[in-house]
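Asks: Numbering of the sequence shown is given in the numbering used here, commencing with residue 3 and proceeding in unit increments.
Where is the CB? At the ideal position from N, CA and C, for every residue including glycine.
Nothing here was measured: the structure is a model prediction, and the numbers come from that model.
Please read through the structure below; I'll follow up with questions.
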Amino acid sequence: MSNGLSTKKLLTAFAIFAAVIVGTFVLLVALMFSSLEPTTIDESDADYLSLQRFFRHPPTELVQSHLLDGSWSGDVEKAFAVRVVGMDTELLWQQQGVVRGDRLTPELEDAVDFIGNLLDSGYVPWFPTMEEIRRDSHYVYPINIVTQGGYPDSVQMIVMRPFDDMAFFAYLKF
Numbered sequence: 003m004s005n006g007l008s009t010k011k012l013l014t015a016f017a018i019f020a021a022v023i024v025g026t027f028v029l030l031v032a033l034m035f036s037s038l039e040p041t042t043i044d045e046s047d048a049d050y051l052s053l054q055r056f057f058r059h060p061p062t063e064l065v066q067s068h069l070l071d072g073s074w075s076g077d078v079e080k081a082f083a084v085r086v087v088g089m090d091t092e093l094l095w096q097q098q099g100v101v102r103g104d105r106l107t108p109e110l111e112d113a114v115d116f117i118g119n120l121l122d123s124g125y126v127p128w129f130p131t132m133e134e135i136r137r138d139s140h141y142v143y144p145i146n147i148v149t150q151g152g153y154p155d156s157v158q159m160i161v162m163r164p165f166d167d168m169a170f171f172a173y174l175k176f
């Protein structure tokens, strides 16, 4: 009789333990996915400040931004647009690594295609399209391209549009 009673207690304790574990897991998953709403950046953001250094500290204005960060897998979607007063095409050409949109290398073509995933999300309608980036009116500066198996896994780049003094930063990591 006592053996049956302790088996019952053991099964009850196991059921309670399993319910707590499953409940905790469900709660954590719900919290992870509920916090994946896009936010914005401000002018103290490290990438925004590095963009100012890239343009040698001209006055800039943060116009638009999008940030989706902190997923459990480490994915990052970050983009912002700034107005750079007096952006000069000649100064762009003097920057080491700046490439005109219609002269992209195969590696940069792949990076632009990868950034297309961010553009297709619908969160950044203000970012230039892939077709616009590939025009002679746009310039690309790759900050960091990480590849795995020959394909981009993470891309950080600046896209510049001198005719209206706009620069766009994109960071995408999957």
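Could you tell me the distance, in whole angstroms, from the CA atom of Tyr-143 to the CA atom of Gly-118?
Replies: Their backbone Cα atoms lie some 16 angstroms apart in a straight line.
Asks: Of the choices Ala-83, Gln-150, Leu-29, whose alpha-carbon is the least far from that of Gln-66?
Replies: Ranking the options by Cα distance to Gln-66, first place goes to Ala-83.
Asks: In chain order, what residues of the same chain lie with their CB nearer than 7 angstroms to the CB of Tyr-50, ignoring the 5 residues before and after it?
Replies: Hits under 7 angstroms: Ile-43, Leu-64, Phe-82.
Asks: Just to confirm, are Arg-85 and Met-168 a CB contact at a threshold of 8 angstroms?
Replies: Taking 8 angstroms as the Cβ cut-off, Arg-85 and Met-168 qualify as a contacting pair.
Asks: So, at 8 angstroms on beta carbons, what are the nonlocal neighbours of Pro-164 in its own chain, with the 5 sequence-adjacent residues on each side left out?
Replies: Cβ within range, chain order: Met-89, Asp-90, Thr-91, Leu-94, Ser-139, Tyr-141.
Asks: At what residues does the beta strand (DSSP E) containing Tyr-173 begin and finish?
Replies: Segment 168–175, the beta strand (DSSP E) holding Tyr-173.
Asks: Roughly how many angstroms separate the alpha carbons of Glu-111 and Phe-27, rounded to a whole number?
Replies: Roughly 41 angstroms separates the two Cα atoms.
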